[in-house]
Every structure is written in C-alpha cells, then in structure tokens.
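I have placed the structure first, in the form of structure tokens, so that the comments after it can refer back to it.
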Amino acid sequence: MSQPFPDAQTAVRAADAPTACDLCGRDASRRLCRRHETQLAERLADLPTLYTEVDQCLVPRGHGWGEIVATRGAAGPQAPLNEDVLDTTNTVRAAEVMLLWRVDVQRVRWPHHGAPAAADLAADCRWLTMELDWIVQHYPAVADLARETGDLEAQARAVVGDPAPRRQVLGTCVATTDRAGTVCGTSISRLPGQTRVRCRGCGYLYATALDWAALAHFQPALADAC
2 MSQPFPDAQT AVRAADAPTA CDLCGRDASR RLCRRHETQL AERLADLPTL YTEVDQCLVP
62 RGHGWGEIVA TRGAAGPQAP LNEDVLDTTN TVRAAEVMLL WRVDVQRVRW PHHGAPAAAD
122 LAADCRWLTM ELDWIVQHYP AVADLARETG DLEAQARAVV GDPAPRRQVL GTCVATTDRA
182 GTVCGTSISR LPGQTRVRCR GCGYLYATAL DWAALAHFQP ALADAC
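Take the sequence shown: its position 190, counted from the start at 1, is 191 in the numbering used here, and no numbers get skipped.
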C-alpha cells in the first residue's frame with residue numbers, strides 16, 4: 002500500500018479549501034471532481050464482488066495442488082497462472098489494503114478515536130463509501146486512495162478477464178423507507194453474475210428470488226402498463 006499519511010506540504014494544503022481535483026486538476030470545490038468521485042464510488046462497490054470472482058478463478062488443477070490455473074477469464078480455462086499472483090491478488094490482501102485506508106481516514110477525521118476492528122473487504126469498502134462525501138472534500142490522501150483502489154481493481158480484472166464487464170442497470174429500488182409506504186427509488190445495478198446487491202440509498206439487500214421478482218414486477222414502467 003502506498004503511504005496514506007500526508008506529508009507536511011499535504012497537511013498545509015489540508016487547511017485550505019480545495020479548488021481543483023487532486024487527480025486531474027480540473028476546477029472543483031472538493032479534492033475529487035464529480036467524475037473521479039463517481040469512479041471511486043463504483044470501484045468501492047465492485048471490489049468485493051470482483052475479489053469473490055478472483056477467489057473462484059484461482060483453483061488447483063485436477064485433484065492436486067501442484068499447479069494453479071485460471072478457470073475462466075482472459076487467461077483461458079487451462080492456462081497456467083503465475084503463482085506470484087496468489088500472493089498479490091487475493092481477497093485477503095485486498096482486505097488488508099482497504100482496512101489500512103479505513104484506519105487512516107478514521108484517524109484523520111476522528112483523531113481521538115481508537116482504530117476500527119478488523120473487518121472483511123465488503124465491510125471496509127462499505128464504510129469508505131458511507132464516508133465518501135467527507136473523504137472527497139477533506140481527506141488529504143484521497144488521490145492516493147483513488148489510485149490504489151484502481152490498482153486493486155485492475156489486478157482483479159487481470160485475473161477474471163478484461164475488458165471490465167458493464168454494470169447491468171436493473172431499475173429503481175422498490176423497498177419502502179417509512180410507514181407511509183414511501184418508495185426508495187435509488188438506481189439498482191449489478192455486475193454480471195452478482196447475486197446480492199445492497200441498495201446504496203436505503204440499504205435494502207436484494208438477495209432472494211422473491212427480492213428479484215419484486216424488483217422486476219414493481220418497476221414504474223411495468224406498473225403503469227398494468
């Protein structure tokens with residue numbers, strides 16, 4: 002992981018309101034422009050699923066443990082895989098990296114709090130997503146966070162296949178958010194093959210066949226046609 006702790010020059014800049022995106026230099030009222038903020042949010046959402054795919058791709062050939070192969074993706078079904086990949090591209094390492102970023106963001110935002118307990122990759126990505134609005138406005142090392150998140154994504158894509166699969170837009174969330182029956186309405190999308198999706202608006206988890214059927218049935222276009 003690249004060192005997240007800001008140097009003296011970065012710390013001085015942290016006291017000033019940002020005027021340009023730390024990645025592309027475009028005018029912005031925050032440390033990341035909207036394009037790079039959206040890109041970071043999407044990568045944080047995708048990393049857990051991608052690394053689940055990585056774990057499924059890296060399996061022993063036959064019944065022995067002598068040679069690791071990629072079972073799908075760009076390398077092909079029987080292509081030998083460099084075993085160094087197992088040391089650098091796996092869920093455990095990705096979780097370690099994202100936990101370090103979570104620890105540092107918490108250190109900067111709440112310096113008097115203790116470090117968070119170790120969690121899995123999905124939990125750390127979810128936490129960073131919830132704090133993203135503050136991160137893109139105030140966190141001095143946000144550009145490094147964005148770059149390293151992109152590196153983790155690229156390493157996973159190299160195993161599961163490239164180009165990156167497009168997210169499938171499924172519709173808008175049909176979960177109710179209060180007793181009055183207010184419908185959430187947040188856009189719901191997933192990667193091909195992803196079977197569990199949590200709404201970023203209300204937090205509802207779509208995971209069962211009934212969930213997916215309800216999501217499809219109650220889309221506004223379908224409801225209007227009935």
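We put the beta carbon where it would ideally sit given N, CA and C, even for glycine.
Contact belief for residue i with residue j at Cβ below 8 Å, rounded distance in angstroms
i, j, result
"residue 140", "residue 106", "6 Å"
"residue 130", "residue 46", "7 Å"
"residue 210", "residue 197", "Actually they are not in contact, since the Cβ atoms of residue 210 and residue 197 sit about 12 Å apart, beyond 8 Å."
"residue 156", "residue 90", "5 Å"
"residue 54", "residue 161", "4 Å"
"residue 138", "residue 31", "5 Å"
Own chain, CB closer than 7 Å to residue i, minus 5 neighbours either side, in chain order
i, result
"residue 200", "174, 176, 185, 187 and 189"
"residue 206", "197 and 199"
"residue 121", "96"
"residue 147", "24, 33, 37 and 41"
Buried or exposed by the 16-neighbour rule on C-beta atoms within 10 Å, applied to residue i
i, result
"residue 116", "exposed"
"residue 111", "exposed"
"residue 240", "What the structure shows of the chain is the stretch from 2 to 227, and residue 240 is not part of that stretch, so it cannot be assessed."
"residue 79", "Unreliable placement is indicated for residue 79, whose pLDDT of 37 sits below 50; the coordinate value is still reported in the next sentence. By the neighbour-count rule (16 or more Cβ atoms within 10 Å), residue 79 is not buried but exposed."
"residue 36", "exposed"
"residue 73", "Note that residue 73 scores 44 on pLDDT, short of 50, meaning its location in the model is unreliable; the coordinates nonetheless yield the value given after this. By the 10 Å Cβ count, residue 73 comes out exposed."
"residue 109", "buried"
"residue 180", "exposed"
"residue 136", "buried"
Alpha carbon of residue i to alpha carbon of residue j, nearest angstrom
i, j, result
"residue 213", "residue 204", "15 Å"
"residue 119", "residue 95", "13 Å"
"residue 216", "residue 178", "15 Å"
"residue 195", "residue 182", "28 Å"
"residue 43", "residue 192", "11 Å"
"residue 24", "residue 97", "24 Å"
"residue 145", "residue 154", "14 Å"
"residue 48", "residue 99", "10 Å"
"residue 220", "residue 172", "7 Å"
"residue 22", "residue 152", "19 Å"
"residue 20", "residue 29", "5 Å"
"residue 114", "residue 57", "37 Å"
"residue 128", "residue 167", "24 Å"
"residue 68", "residue 123", "At residue 68, the pLDDT of 40 sits below 50, so the modelled position is not reliable; the number obtained from the coordinates is stated separately. If you take the alpha carbons of residue 68 and residue 123, they lie about 29 Å apart."
Option in the options with minimal Cα separation from residue i
i, options, result
"residue 101", "91, 114 and 125", "125"
"residue 143", "33, 29 and 121", "33"
Contacting residues, own chain, Cβ-Cβ under 6 Å from residue i (five flanking each side not counted)
i, result
"residue 159", "none"
"residue 50", "192 and 195"
Residues near residue i in its chain [Cβ-Cβ closer than 8 Å; skip 5 each side]
i, result
"residue 133", "38, 41, 42 and 45"
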